[in-house]
Structures are given as structure tokens and as C-alpha cells.
Amino acid sequence: MTLPTRGMRRAMMTAAVGDDVLGEDPSVRELEERAAELMGKEAGLFVASGTMANQLAAMTFCQRGDEVIVAEGSHIFNLEVGGLAALHGLQARPLPTSRGVFPLEALAEAMRPSALQVAGTRLLCLENTFDLNHGYTVSGDAMRAMARTAHARGIPVYLDGARIFNAASALQTSPADLAASVDAAMFCLSKGLACPVGSILVGETAFIAKARRNRQRLGGGWRQAGVLAAAGLVALAEMVGRVADDNHLARRLAESLARVGFELAPGDCETNIVFVPTPPGVPAVVFASRMASKGVRVKVIGTNSCRMVVHKDVSERDLKAIVRAAVAAIRVHME
Ligand SMILES: *Cc1c(COP(=O)(O)O)cnc(C)c1O
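Mapped onto the numbering used here, the consecutive letters of the sequence shown carry residue numbers 9 to 343.
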């Protein structure tokens, strides 16, 4: 939903570019370096999407026939078109989590060495914020404990940090701290950072070199991608620092909706995503279309649930209008 800022448009227009397949695009190189630094890792790789970053990570860490532990509610398991199986011949092992935190004992038990009849566990995937319909934060301590459990068995850990800056802000820590215990991670420049396109995979230099080759294999080598990287550089300089505003406004939106009768606990809104149950008599599709008629786009999640996402194009001034539209959308039905 986010639109690029004027600064991004300007930077894209004047970006220095070169052939990134040959490693000669200065804007891409700068973006990859800054992103790696921000995440506390050695190197970065600019890719087309979060999905591509996740798939490249799995492809680079694993071999066909390996098993990958994922959270039941994760993006990589639910919303990537079965890529783990379809592209890389990997077996996903989904486990339940408590808001993105695997119970350590169950996690340890699920990790298996390969044997004659067993596909060995080759990767643990974490996600922070967790669950794109809720945006829960996973604390640095929880991240470290899960990573320790995997590392003790020689299993690397990958973090899908599509919205890591929202998590870091809410937890009052740095993205590097949240990623400190994992071997590789990604974050999205689109989403809350408002770039038109792109995500970044970060990790050790050797891992990123291997991932770069895999990206090429997938046809993801992009020539003068500096035009897009230029927007990413603006995002790192100007947008990362303001996601706290989105988190705060989302919490206030949740509080306002709870006050006017929506059955939600504002404390469950930890970042910029508000999960909104609709009343029994108002199906989510009806609610969403009524909201849309007032210019508020919400995403239908289930029969009676939607999500609202606060971002840089939603202002303090919009808050009242959103709540008013929501009240009207459930009142119409009752009359
Ligand atoms: C959006 C998202 C992705 C995928 O990013 P795309 O750029 O849409 O492919 C992956 N993981 C999480 C948690 C996300 O929210």
C-alpha cells in the first residue's frame, strides 16, 4: 500500500548505476553494505522480494531431501506457493509456536540427525515480527534461546525479518540485536519502509556469495538495479527511524476500536498491524467493502476477521475518520 516518498523518486531519478550482475552497480553495492551493517552481518544481497530472499536462504543452506523446521503460522510455510518443496526438494516440518516462539523442548525434540530412514534437519526458520496478520514481536532473549537450541545440534538459523524494524522499535532494541544469534536474515524495503520494490538478505560473506550464485540461477540477477537500490538507501536513512510512529498509531487505533465495541485487546497490537474481529452479524467481506467505500482499505483474513496496517501514508488525522467508518460499518447492519 505504501507509496514511495518524494525523496525516493528524486534519488531514483539521479541514481548512479552499473551492471549489478558484474558487481558494478555502485548504488546496489552501497545499499547491500549499509543493510549488512545495520543488521550486524558481514554482507548483503539485494533481491526482488521477501519471498525470493526466504527461498534463496533455504536453497543456500540446504540440499534436496533435507528437512526445514518452520513455524505453523509463518510466511515461508503458508504463503510462498510451496517453494521449499517445489523449488528445492525440501521437506518443511511445521511446528506450533507461541507467537513465533518455539517451545524449546519440542524444538529440540523435532531436530533430527539424518539417518538411513530420516531426512535430517538442516535449517531452523524464525520470523520476527511473527504472523503477518498480527505482527507479534519476538524478544532478543527468545531469539537467542531458539538459536542456541539449533546451534547446539549444528543446525543453522535463518530469520525472516520482513518487518524487523517494527519489532526492534517496539522492543526498544536494534535490528542487529534481534539478528545477532541467527546465521542469516532478510528484511523488506517495501512494506513499512515504503520502497517500490525489494528485500535484502544478509549473512556471512561466504553464504552471501553462494546465495548470489543461486539468485543468478533463479534469474534474479538484475542489471542496473541501482535505480531501485537508490530508493532503498533513502529508506535506510529516513524511514527506519519513523516506524515507531506507525507502531504507536496502530496501538491508538486498536484502543479506539476497542472503545467503540470491537472485541479486541489493544495490548495484542504490538507493532503496526491491528487484527480486527468483526461482530458475528457482519462478515469480514461486508465490513471490508463498507470500509472501502469510505476510502479505508482493510484486508479480509477470515470469515469474521480483518487486519488493518498502519504505515507512513496513514496520519494522525486519519485516525478519527477510520474509527468513524468502522463504527458505521458495523452499525448499518444492526439497523
Ligand atoms: C511480506 C512478507 C514476506 C514476503 O515478502 P514479499 O516481498 O511480499 O515477497 C515474507 N515474510 C513475511 C513475514 C512478510 O510479511
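Just so you know, even glycine gets a beta-carbon here, dropped at the ideal spot from N, CA and C. None of the values given here were measured: they were computed from a predicted structure.
If I measure Cβ to Cβ from Gly52 and keep anything under 6 Å in the same chain, skipping five residues before and after, which residues do I get? Glu40, Ala43, Ala44, Ile208 and Val210
At which residue ranges does the region 85 to 172 contain complete alpha helix (DSSP H) runs of 4 or more residues, listed in the order of the chain? 91 to 96, 112 to 118 and 148 to 159
Among Leu11, Ala23, Ala24 and Asp28, nearest to Gly227 - alpha-carbon criterion: Minimum Cα distance to Gly227 is reached at Asp28.
Taking the alpha carbon of Val36 as the reference point, which residue from Arg305, Pro287, Pro288 and Leu244 has its own alpha carbon closest? Leu244
So who's on the other strand from Leu209, going by DSSP bridges? Leu53 and Met194
Can you name the residues that DSSP bridges to Met21? By DSSP's assignment, Met21 forms no beta bridge with any residue.
Val268 (DSSP reduced to helix, strand or coil): Val268 carries a coil assignment under DSSP once its states are collapsed to helix, strand and coil.
Rounded to whole angstroms, what is the Cα-Cα separation between Leu103 and Ala65? Using only the alpha carbons, I get a separation of about 19 Å.
In the DSSP assignment, the alpha helix (DSSP H) including Ala79 goes from what residue to what residue? No alpha helix (DSSP H) holds Ala79; the beta strand (DSSP E) holding it covers Glu75 to Ala79.
Cutting at 8 Å between CB atoms, please list the residues of its own chain near Glu32, excluding the five before and the five after it. Gly26
My output table needs one value for Pro285: the three-state DSSP class, helix, strand or coil. strand
Residues of its chain near Ala266, where Cβ-Cβ distance is below 6 Å and the 5 sequence neighbours each way are ignored: Leu272 and Pro274
Is the closest heavy atom of ligand 1 to the C-beta of Arg107 under 7 Å? no
Mind the definition here: the region 171 to 183 touches the region 246 to 266 only if three or more C-beta pairs lie below 8 Å; say whether that holds. yes
Is Leu186 close to ligand 1? I mean its beta-carbon at under 7 Å from any heavy atom of the ligand. no
Using C-beta distances below 8 Å, list every residue in its chain close to Leu241, excluding the 5 sequence neighbours before and after it, in chain order. Ala19, Ser35, Glu38, Leu39 and Arg42
Looking at Ser177 and ligand 1, is the gap between the Cβ and the nearest heavy atom below 7 Å? no
C-alpha gap between Ala81 and Gly15, whole angstroms: Contrary to the premise, residue 81 reads as Gly rather than Ala in this sequence. Distance between the alpha carbons of Gly81 and Gly15: 36 Å.
Using C-beta distances below 7 Å, list every residue in its chain close to Ala153, excluding the 5 sequence neighbours before and after it, in chain order. So the list reads Leu112, once near-sequence residues are dropped.
Say the cut is 7 Å; is the CB of Glu45 nearer than that to a heavy atom of ligand 1? no
Whole alpha helix (DSSP H) runs in the region 279 to 324 with 4 or more residues, listed along the chain? 292 to 301
Report the option in Ala150, Ser323 and Thr129 whose CA atom is closest to the CA atom of Glu135. Among Ala150, Ser323 and Thr129, the Cα nearest to that of Glu135 is on Ala150.
Burial state of Ala292 (16 or more Cβ within 10 Å): Buried: at least 16 other Cβ atoms inside 10 Å.
Might you give, ordered along the chain, the residues of its own chain that have their beta carbon closer than 8 Å to the beta carbon of Leu186, omitting 5 neighbours on each side? Asn136, Val146, Gly148, Met151, Leu167, Gly169, Ile172, Ala175, Ala176 and Leu179
Can you list, in chain order, the residues of its chain whose CB lies under 7 Å from that of Tyr347, leaving out five sequence neighbours each side? The question about residue 347 has no answer, for the chain in this structure spans 9 to 343.
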